[in-house]
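Undergrad:
Number of protein chains: 2
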Amino acid sequence: MRLSKFHLATVKEVPADAEIASHQLMLRAGMIRKLASGLYTWTPLGLRVMRKVENVVREEMVRAGAVEMLMPSVQPRELWEETGRWEKFGGQLLKMKDRKEQDYCYGPTHEEVVTDFARNELKSYKQLPLNVFQIQTKFRDEIRPRFGVMRAREFLMKDAYSFHLTPESLGETYDVMYTAYSRIFTRLGLAFRAVDADTGAIGGSASHEFQVLADAGEDALAFSDASPYAANIEKAEALAPATERPAPTAALTRVDTPTQRTIEEVSAFLGVPATQVVKTILVRGREGLVALCVRGDHEINEVKVAHLPEMPDESELASEADILAATGARPGFIGPVGLPESIPVIVDRSAAVLADFVCGGNQDGTHFTGANWQRDARITRVADIRKVVDGDASPDGKGTIRLGRGIEVGHIFQLGQKYAEAMGAGVLDDQGKMRTMYMGCYGIGVSRIVAAAIEQSHDEAGIVWPEAMAPWRVAVCMINPKNDAAVSEAAESLYQALSQAGIDTLLDDRGLRPGPMFADMELIGIPHRVVVSSRGLEAGTFEYRARTDAEARNVTREELFALLG
Amino acid sequence: MRLSKFHLATVKEVPADAEIASHQLMLRAGMIRKLASGLYTWTPLGLRVMRKVENVVREEMVRAGAVEMLMPSVQPRELWEETGRWEKFGGQLLKMKDRKEQDYCYGPTHEEVVTDFARNELKSYKQLPLNVFQIQTKFRDEIRPRFGVMRAREFLMKDAYSFHLTPESLGETYDVMYTAYSRIFTRLGLAFRAVDADTGAIGGSASHEFQVLADAGEDALAFSDASPYAANIEKAEALAPATERPAPTAALTRVDTPTQRTIEEVSAFLGVPATQVVKTILVRGREGLVALCVRGDHEINEVKVAHLPEMPDESELASEADILAATGARPGFIGPVGLPESIPVIVDRSAAVLADFVCGGNQDGTHFTGANWQRDARITRVADIRKVVDGDASPDGKGTIRLGRGIEVGHIFQLGQKYAEAMGAGVLDDQGKMRTMYMGCYGIGVSRIVAAAIEQSHDEAGIVWPEAMAPWRVAVCMINPKNDAAVSEAAESLYQALSQAGIDTLLDDRGLRPGPMFADMELIGIPHRVVVSSRGLEAGTFEYRARTDAEARNVTREELFALLG
Chain A
482 MRLSKFHLAT VKEVPADAEI ASHQLMLRAG MIRKLASGLY TWTPLGLRVM RKVENVVREE
542 MVRAGAVEML MPSVQPRELW EETGRWEKFG GQLLKMKDRK EQDYCYGPTH EEVVTDFARN
602 ELKSYKQLPL NVFQIQTKFR DEIRPRFGVM RAREFLMKDA YSFHLTPESL GETYDVMYTA
662 YSRIFTRLGL AFRAVDADTG AIGGSASHEF QVLADAGEDA LAFSDASPYA ANIEKAEALA
722 PATERPAPTA ALTRVDTPTQ RTIEEVSAFL GVPATQVVKT ILVRGREGLV ALCVRGDHEI
782 NEVKVAHLPE MPDESELASE ADILAATGAR PGFIGPVGLP ESIPVIVDRS AAVLADFVCG
842 GNQDGTHFTG ANWQRDARIT RVADIRKVVD GDASPDGKGT IRLGRGIEVG HIFQLGQKYA
902 EAMGAGVLDD QGKMRTMYMG CYGIGVSRIV AAAIEQSHDE AGIVWPEAMA PWRVAVCMIN
962 PKNDAAVSEA AESLYQALSQ AGIDTLLDDR GLRPGPMFAD MELIGIPHRV VVSSRGLEAG
1022 TFEYRARTDA EARNVTREEL FALLG
Chain B
482 MRLSKFHLAT VKEVPADAEI ASHQLMLRAG MIRKLASGLY TWTPLGLRVM RKVENVVREE
542 MVRAGAVEML MPSVQPRELW EETGRWEKFG GQLLKMKDRK EQDYCYGPTH EEVVTDFARN
602 ELKSYKQLPL NVFQIQTKFR DEIRPRFGVM RAREFLMKDA YSFHLTPESL GETYDVMYTA
662 YSRIFTRLGL AFRAVDADTG AIGGSASHEF QVLADAGEDA LAFSDASPYA ANIEKAEALA
722 PATERPAPTA ALTRVDTPTQ RTIEEVSAFL GVPATQVVKT ILVRGREGLV ALCVRGDHEI
782 NEVKVAHLPE MPDESELASE ADILAATGAR PGFIGPVGLP ESIPVIVDRS AAVLADFVCG
842 GNQDGTHFTG ANWQRDARIT RVADIRKVVD GDASPDGKGT IRLGRGIEVG HIFQLGQKYA
902 EAMGAGVLDD QGKMRTMYMG CYGIGVSRIV AAAIEQSHDE AGIVWPEAMA PWRVAVCMIN
962 PKNDAAVSEA AESLYQALSQ AGIDTLLDDR GLRPGPMFAD MELIGIPHRV VVSSRGLEAG
1022 TFEYRARTDA EARNVTREEL FALLG
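Heads up: the protein sequence lines correspond to chains A and B, in order. Here the working numbering is used: the first residue of the first sequence is 482, the next is one more, and so on. Here the working numbering is used: the first residue of the second sequence is 482, the next is one more, and so on.
In structure tokens form, the structure reads like this:
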């Protein structure tokens, strides 16, 4: 592409409402323009990137055996009534009436339409499994559209739906989709994790979110540095330490800690590391108080606590009065030693392997040193009740947990029979019996991926595209071409040669001075920049710089092709 | 593609509301499924065809220098108010309110949005000309959606918009688009014509419709059999005959035609061909009656008559009383000889070259024979006032006029400054002066092309795709593969070899009997069918049949590849 024939429009000023890097950079690079709240025009530059994403998604869906189709974006109310979602979907559903006063919505998703298609189209188990997908514009009427195309109202989505006779078949296709999604995000050059989004209610591996790792992400994640393991931070499992609990060596000793209540205070006062202290929290359980014990450097995870059999759905801290009544001490001095039998003691896995530890004395102004489980303190149950921390062992046994944030760009889901049952979508099995189908659905936010990639990869100068998403892989820039025919000829010839070698190349023939020209190429994130200058031509070299290089260097034509090959 | 992995669903029953061949065949072939009135799901088979069309359109637009972008489908009312089209567009505009009670519409076209984009984006004449396009889902709330995707409410359209400093620049891009459109429809294998749709009011070549020739078309066309010439039948010019008017040889003679009033009656009664009779019609002009004379075998063209300077905008036949008062005779016996001087005599070009002709006697029950212009009858003006007929010379001098019907699949339009002026879209010229831009718009109905192609090319067995639009070029069918491993292996091997040769091939591995299998392949219109059977394998041949062949024939593998290469 010759840039003079392309509408590139980088800008300096960015509206104040562009809060995050990707939004700012997409506006500055001229990839998108705002039409109205949550509605964006994709300029030629922006669309070029989005199409690259779209094509990778399509190729991998086809490779995975899905077939592409296209359903209407405008959907009749009747179908949404069948699933009850006409009301339940809420304000995000953009509703409209046609000229005959019939109700429709702009499809935010297509479960109803595809299930209607399937119940008309599929008659026999022999037609199953079937996995169909589309790449289509969707609309969700967000209350507060923001962050540019990251949370736009109109967006491009790949949505796939699979139909099955059995849950096993659904599981197989789900796994195929999991693999396809992993290939897609890998090919796009994104650091990502598939996060188990299982609600626990259904059981099994019913849902995964694919998250692109980026600081601006909305979701807090825990992930392994050496494996695909990832989870929402609230759900990440904290493994039991690999070590056994040592045998007691110290005697239980009550010590005075007159004003020391927090772990930091106690541990500094007694000269004991926080990892050797047991922190005890009393909460209201289903039947009276429950004691939760974690290591001094750990935090209670309320989501995990809520899943304990002793706990109601919403856990609540015990009041100071309750604590005083039950233990005789105030918060800050509570410990597992000598607690009333009626209080279950739930000990976190990491706290359970401590010996000779420090804990509250259940008497104001005192703690115990040399405390030991079993000998001095009951354990009702050992459980995972703490938040994971950076440096924990990964629950899959591979690598170390890192904490970070993620942007959800994909979601795969085992829907089971929910929609098929509501809408009566069944097929005849090999016995001639009508059976409700099982369904899966698999979404990818195509337009959102563009923004997520920028969040993950940018610097002060602009976007740093992964090669697969770059609008062009290579930019050929010419210095002073108007006054130097040799330069423009050499640049043109290089551009032609690169293009013919199948390398997606941009020729910057706008005749800008080097400064603004280079700034544009960096802003729009072209991975490889080649400069053609008269000085270089004399030396028989081009100046080359990868977007991520600190310095440019001179290379011969052969070296350049080898670099880009 | 292996057909067993593809959701092909041909059907026998077609809903009664499918009135035309393309609608019926798209349903029978399983290309589309109706979701609601004017809303269709494109099945994998249908989408495959539509994508082929889309890709050709995109390639040729890019080749022609247009750059692709993507504007929102949901558009704010404010922009439509600026051009006055929020009201003027009428009921086809699907309006909606978002959760904040703001008004939007589902874009039926994008002049407002693109002009808004241009006025924000374009500042200098140096950025012009710019030609942008998108391929996008549109919505028009048709009063009576019908004919399947031919007149659906939701449809896929390619719309392009160009911006210019001068009308000359607009004209140049218009010509480029004309050529690009011609290439697109030629590549798609369609018989089409570009029809001058100039209203005459603006002047110049301001608008062309691209029409696919098909009997089911809504528009009556006249087109050359030997050139690209075409026009709406009402506007097609009838040339003057190449011959000069012969000199008179007969004497003007009044003959009795007591009950013969029509051309057929007079010509039979007098034994003179209709081509030697002049038919005279009296109409109300701006100032009194006007006589229109055409050859007996021709018809008056009211559109052309309405453009005569003597005529008001709406022409009207003279009443019998008026005719009698002016001529002394009743309709059926009127002729140009001896008409009052106050009545202008407008003579069609073909009638004007007649000599020794027959015409009405302006006296009930009589006609003249041997009548001649000038000698016997005044000519106020010779003009083109008749309808063209099949067999006329083409107005461009090349070939012969044929009459037929067309389906509009593309429209190119010089908008001039209409939208740019209404919305204040200007750029600075080289003098630093603000100038309103000139615009062109260029649409193609991508989904409609699919239906139009079927209307143009089908038979009793089903669709007959042009190669460029076929879902697959070749179908490899196997006979009795389950009981004959050699057949399935040979078919598989042939399928692989064809695919590797870059030939888009379908392997029908469903295991159907030959009858239903062949019927499906004919219905879905695959251009080339290859049958692998044990008998053929023994003979070292495959059975080959082009979709348009009457009979199948046996070919060797080499012959087959040569055929398909």
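Backbone N, C-alpha and C fix where the C-beta goes; we use that ideal spot for every residue, glycine too.
According to DSSP, simplified to helix, strand and coil, what is Asp-597 (chain A)?
TA: helix
Undergrad: Helix, strand or coil: which one does DSSP assign to Trp-458 (chain B)?
TA: Nothing about residue 458 (chain B) can be read from this structure; chain B reaches only from 482 to 1046.
Undergrad: Measure the CB-CB distance between Cys-958 (chain B) and Phe-894 (chain B) and report whether it falls below 9 angstroms.
TA: no
Undergrad: Which of helix, strand or coil does DSSP assign to Val-957 (chain A)?
TA: strand
Undergrad: For Gln-937 (chain B), which of B:Ala-906, B:Glu-889 and B:Gln-573 has the nearest alpha-carbon?
TA: B:Glu-889
Undergrad: To which residues of the same chain is Pro-525 (chain A) closer than 7 angstroms at the C-beta, ignoring the five residues directly before and after it?
TA: For Pro-525 (chain A), where only same-chain residues beyond five positions count, the Cβ hits under 7 angstroms are Phe-487 and His-488.
Undergrad: Cα-Cα, which of A:Ser-518, A:Ser-485 and A:Val-530 is closest to Glu-507 (chain A)?
TA: The question names Glu, but residue 507 (chain A) in the sequence shown is Met. Nearest C-alpha to Met-507 (chain A) among A:Ser-518, A:Ser-485 and A:Val-530: A:Val-530.
Undergrad: Strictly below 7 angstroms CB to CB, what residues from chain A border Phe-490 (chain B)?
TA: The sequence given here has Ala at residue 490 (chain B), not Phe. Those are Glu-602, listed as they occur along chain A.
Undergrad: Glu-970 (chain B) to Asp-1001 (chain A), Cα distance in whole Å?
TA: 56 angstroms
Undergrad: Can you list, in chain order, the residues of its chain with a C-beta nearer than 8 angstroms to that of His-645 (chain B)? Leave out the 5 residues immediately preceding and following it.
TA: Leu-609, Pro-610, Leu-651, Thr-654, Met-918, Tyr-919, Met-920 and Gly-921
Undergrad: If distances are taken between C-alpha atoms only, which option among B:Cys-840, B:Gly-851, B:Ala-687 and B:Ile-827 comes closest to Arg-867 (chain B)?
TA: B:Ile-827
Undergrad: My guess is that Val-775 (chain B) and Ala-832 (chain B) are in contact by the Cβ rule of under 8 angstroms, so how many angstroms apart are they, rounded?
TA: 5 angstroms
Undergrad: Between Ala-547 (chain B) and the rest of its own chain, which residues show a CB-CB distance below 6 angstroms, the 5 nearest in sequence each way excluded?
TA: Asn-612, Phe-614 and Ala-641
Undergrad: Hey, would you say Gln-617 (chain B) sits closer than 9 angstroms to Glu-593 (chain B), going by beta carbons?
TA: no
Undergrad: What is the residue span of the alpha helix (DSSP H) that Asp-803 (chain A) lies within?
TA: For Asp-803 (chain A), the uninterrupted alpha helix (DSSP H) segment begins and ends at 801 to 808.
Undergrad: For the alpha helix (DSSP H) containing Glu-699 (chain B), list its first residue and its last residue.
TA: Segment: none, Glu-699 (chain B) is in no alpha helix (DSSP H) and carries neither H nor E.
Undergrad: Beta-carbon separation of Pro-962 (chain A) and Leu-669 (chain A) under 9 angstroms?
TA: no
Undergrad: If you check the beta carbons only, do Asn-853 (chain B) and Asp-837 (chain B) fall under 9 angstroms apart?
TA: yes
Undergrad: Just how far apart, CA to CA, sit Trp-561 (chain B) and Ala-932 (chain A)?
TA: 30 angstroms
Undergrad: Can you confirm whether Val-555 (chain A), when its beta carbon is compared against all beta carbons of chain B, has any partner nearer than 9 angstroms?
TA: yes
Undergrad: Taking 9 angstroms as the threshold (C-beta atoms), are Ala-717 (chain B) and Val-834 (chain B) in contact?
TA: no
Undergrad: Can you tell me which of the three DSSP states Val-945 (chain A) falls into?
TA: coil
Undergrad: To the nearest angstrom, report how far apart Ala-802 (chain A) and Gly-809 (chain A) are at their CA atoms.
TA: 10 angstroms
Undergrad: Name the chain A residues that come within less than 7 angstroms of Leu-575 (chain B), Cβ to Cβ?
TA: Met-577 and Asp-579
Undergrad: Quick one, which residues of the stretch 526 to 548 of chain B are near chain A if we go by CB-CB under 7 angstroms, in chain order?
TA: Leu-528, Gly-546 and Val-548
Undergrad: With a cut-off of 8 angstroms, do at least 3 Cβ pairs link the stretch 706 to 714 of chain A to the stretch 878 to 888 of chain A?
TA: yes
Undergrad: What does a CB cutoff of less than 8 angstroms around Ser-1114 (chain A) pick up in its chain, not counting 5 residues either side in sequence?
TA: Residue 1114 (chain A) is absent from the model: chain A starts at 482 and stops at 1046.
Undergrad: So for Gln-844 (chain B), helix, strand or coil by DSSP?
TA: coil
Undergrad: With respect to 8 angstroms, is the separation between the Cβ of Pro-817 (chain A) and the closest non-hydrogen atom of the ligand FAD below this value?
TA: The ligand FAD is absent from the structure shown, which contains no ligands of any kind.
Undergrad: With 9 angstroms set as the bound, which would you pick, yes or no: does the beta-carbon of Val-594 (chain B) sit closer than that to a beta-carbon of chain A?
TA: Closer than 9 angstroms to some Cβ of chain A, the Cβ of Val-594 (chain B) qualifies, so yes.
Undergrad: So which residues on chain A does Gly-635 (chain B) lean against when the C-beta distance must stay under 8 angstroms?
TA: According to the sequence as given, residue 635 (chain B) is Glu; it is not Gly. Per Cβ cutoff of 8 angstroms: Pro-553, Ser-554 and Val-555.
Undergrad: Please compile the residues from chain B whose C-beta is within a distance smaller than 8 angstroms of the C-beta of Tyr-521 (chain A).
TA: Pro-553
Undergrad: Are Phe-620 (chain B) and Tyr-587 (chain B) touching if we call contact CB-CB under 9 angstroms?
TA: yes
Undergrad: When the Cα atoms are used, what is the spatial distance from Leu-438 (chain B) to Ala-675 (chain A)?
TA: This structure leaves residue 438 (chain B) out entirely; chain B is present only between 482 and 1046.
Undergrad: Quick one, are the C-beta atoms of Leu-979 (chain A) and Leu-484 (chain A) less than 9 angstroms apart?
TA: No, the pair does not count as a contact, with Cβ atoms beyond the cut-off.
Undergrad: What is the residue span of the beta strand (DSSP E) that Asp-584 (chain B) lies within?
TA: 584 to 587
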